[in-house]
Amino acid sequence: MKIYVDADALPRVIREVLQKVAEREKIETILVAARAIYLPPSKFMQSVAAGNAFDGADDWIVDHVEAGDLVITADIPLADRSINKEAEVLNPRGEFFTPDNIKNAMAMRELMDELRITGEVSSGPPPFSTKNRETFINALNRFIQKKRK
């Protein structure tokens, strides 16, 4: 199992959590972004520069992810593509996307895009919180424990 991270908009606190988990659990963790992200030297963490092409990081992840791997992303279309490759998908707020809920998430994303275009909604998601960090850590730890069994 590997962990692939859509790192372009990843909160720094989640990157720090992933560094600790990768070292502790000895899990290969790949952060993919338009440009390489500086990481301290590690046997288990690496950064990949996918280029500035539209969805370049997403395409790189989908090209490399395999069934049973974990993808960490808030990008719903990437989550959908990853699920289609039988990967597990966790967002930075600690919620798993599944085959059962991804289509609803895609529909909600489309609706919110339409509402933003018409000006009915002008705000994005709420700020990342300490509670989100805790929820993410708990979900990630449960996932790893499940995979270890």
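Under the numbering used here, the first residue of the sequence shown carries the number 951, and numbering increases by one thereafter.
Where a beta carbon is used, it is the ideal one built from N, C-alpha and C, also for glycine.
These figures come from a predicted structure and were not determined experimentally.
Chain-order list of residues whose beta-carbon lies under 7 angstroms from that of residue i (same chain, five-residue window excluded)
i	result
residue 982	954, 955, 956, 957, 998, 1000, 1007, 1010, 1011
residue 1025	956, 1008
residue 1088	1044
residue 976	994
Beta-carbon contacts of residue i that lie in its chain and below 6 angstroms, excluding the five residues immediately before and after
i	result
residue 952	978, 1019
residue 986	997, 999
Whole-Å CB distance - residue i paired with residue j, under 8 angstroms assumed
i	j	result
residue 1037	residue 1017	7 angstroms
residue 992	residue 966	Not really, about 13 angstroms apart at Cβ, beyond 8 angstroms.
Beta-carbon proximity of residue i to residue j, cut-off 9 angstroms
i	j	result
residue 971	residue 1094	yes
residue 960	residue 1033	no
residue 1086	residue 1042	yes
residue 1029	residue 1057	no
residue 963	residue 1046	no
**OP:** Jot down the residue ranges of each uninterrupted beta strand (DSSP E) in the segment 955 to 985, minimum 3 residues, whole runs only, in chain order.
**Re:** 979 to 983
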